[in-house]
Every structure is written in C-alpha cells, then in structure tokens.
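>
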Amino acid sequence: MYNSSFTGFLDKENSYIFGELCNNYHGDALTSTRDAWKYEISIMKRVLSQYKGHEGHIIFEYDIPRLGKRIDVVLLFEGIIFCLEFKVGKQNILESDVDQVLDYALDLKNFHKFSQDRIIAPVLIATKYCNSSDSIQMSVYDDMVLNPLVTGESGISNLITEVLRKFPNESPVNPNWIISPYAPTPTII
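In terms of the numbering used here, the sequence shown opens at residue 18 and continues consecutively.
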C-alpha cells in the first residue's frame, strides 16, 4: 500500500512511489502488476495535477479490512470516497469488472466504519475505453453508493469533477480513514 496527500504524491518521483508499492506489497507482485502500477501512478499524476494544493488523499492498493480484497486506488476528496479500479490496456467494459468495482464500494459501505456515512463513487477505468459515464446518480438502495461509473483514462478528471459538482457540500472524510476499524453495519449482521 502507498498513501499520501495529493501534494505529497505529486511532489514525489514516480520511481519512489513505485518502490513504496513494491516494498509494502504482501507477496510477490507479478510483472503485469508492477507494469500496471507504473501506468496507474502516471495516470493519477496527470489527473491530480489539476487539484494540486487541494486537500485530498490518495491510496494505492488499499486492503479492505478482513475481507482480503484490495482496491487499486482510493481517493478521499471533498468528503467523497472514490474507488478506482483500473483495467490497464483494456478497451472494453466487462460486466464482471463493473461488478468488481461495485463490490469494493459496497464492502467499504458495509464493513469499513469510516465509510458507512459517506458518498462512495465506484469508478471502473478501462484505460483504452473511448467513452465515459454521463449520468451520475445514487443507487436505488438509498445507501449513498453511486451507480458504478465507467471511463477510459482520458475521462477520469471529468468524472471526478462531475461527481464533486453533483455533491458539493460533503463534510470531510475522517482523517483516520485509512486505519478505520472493521465494523459490519447492522443490516449485514
């Protein structure tokens, strides 16, 4: 895992961030995983450069407590939790990939104490995909989880901007979010 403020992330060399991911990874990272990390770091540097100086936090390879799942990138920004799942080199959106990013968002909502009262935006990024979601809406379950959004790498910034525009007055995410306790919601129990 790697985590940093937006400013700290933007100020660090890509090789330093990559090294931190490698050092903190549990197990052996395959070559394809390492290549994906390098690409994701580069993409996120471009995306977040427009938010330099803003309060925000980025986390790579976040382990969801006790569930054995890892989210590629989490952004804690303007009171919203963005779950980003990358499919590097892919140009198509697969239903199983959409289900994967939605599952991550629901895991945070239902098992991660400091996410339970937050808006969560699941975003699937097939890097070579040429379109982007144009409708941002809450799921029908009244759980503060947005319907999954899909985009290519060129549409990430715009989607983040649109989500922030739609939900402009969210209170800040708990600063201890990254060490949140595992706490199943009452409806799960």
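Backbone N, C-alpha and C fix where the C-beta goes; we use that ideal spot for every residue, glycine too.
All values reported here derive from a predicted model rather than from experimental measurement.
1) So is residue 101 buried or exposed if we call it buried at 16+ other beta carbons inside 10 Å?
2) Using the three-state DSSP reduction, which class does residue 122 fall into: helix, strand or coil?
3) Tell me whether residue 33 sits in a helix, a strand or coil according to DSSP, three-state version.
4) When you compare only the Cα positions, how much space is there between residue 174 and residue 64?
5) So, is residue 129 buried or exposed, given that buried needs 16 or more other C-beta atoms within 10 angstroms?
6) Closest by CA to residue 126, which one among 148, 159 and 146?
7) Excluding the five sequence neighbours on either side, which residues of its own chain have a C-beta within less than 7 Å of the C-beta of residue 106, listed in chain order?
8) Of all the options 132, 94 and 141, which has the alpha carbon lying nearest to the alpha carbon of residue 113?
9) Going along the chain, which residues of its own chain have a beta-carbon closer than 7 Å to the beta-carbon of residue 189, five neighbours each way excluded?
10) Along the chain, where does the alpha helix (DSSP H) containing residue 26 start, and where does it finish?
11) Are at least three pairs of beta-carbons, each pair with one atom in the segment 114–123 and one in the segment 168–185, less than 8 Å apart?
A quick look at the data gives this:
1) Here residue 101 corresponds to residue number 84 of the sequence shown, with the count starting at 1. Buried, since its Cβ has 16 or more Cβ neighbours within 10 Å.
2) Start at 1 with the first residue of the sequence shown, and residue 122 comes out as number 105. Secondary structure of residue 122 (DSSP, three-state): helix.
3) Within the sequence shown, the letter at position 16 stands for residue 33. In the structure shown, the three-state DSSP call for residue 33 is helix.
4) Counting from 1 along the sequence shown, the entry for residue 174 is found at position 157. Counting from 1 along the sequence shown, the entry for residue 64 is found at position 47. One C-alpha to the other measures close to 6 Å.
5) Here the question's residue 129 lines up with position 112 in the sequence shown. Buried is the call here.
6) Counting from one through the sequence shown, the residue named residue 126 turns up at place 109. Ranking the options by Cα distance to residue 126, first place goes to 159.
7) For the purposes of this step, residue 106 is taken as residue 89 along the sequence shown, with counting starting at 1. 144 and 145, listed in sequence order.
8) On the sequence shown, residue 113 is found 96 positions in, with the first residue counted as 1. In this structure, 141 is the residue among 132, 94 and 141 with its C-alpha nearest to the C-alpha of residue 113.
9) Your numbering for residue 189 matches position 172 in the sequence shown. Result list for residue 189: 96, in chain order.
10) Indexing the sequence shown from 1 puts residue 26 at position 9. Run containing residue 26: 23–28, per the alpha helix (DSSP H) assignment.
11) Too few Cβ pairs lie closer than 8 Å, so no.
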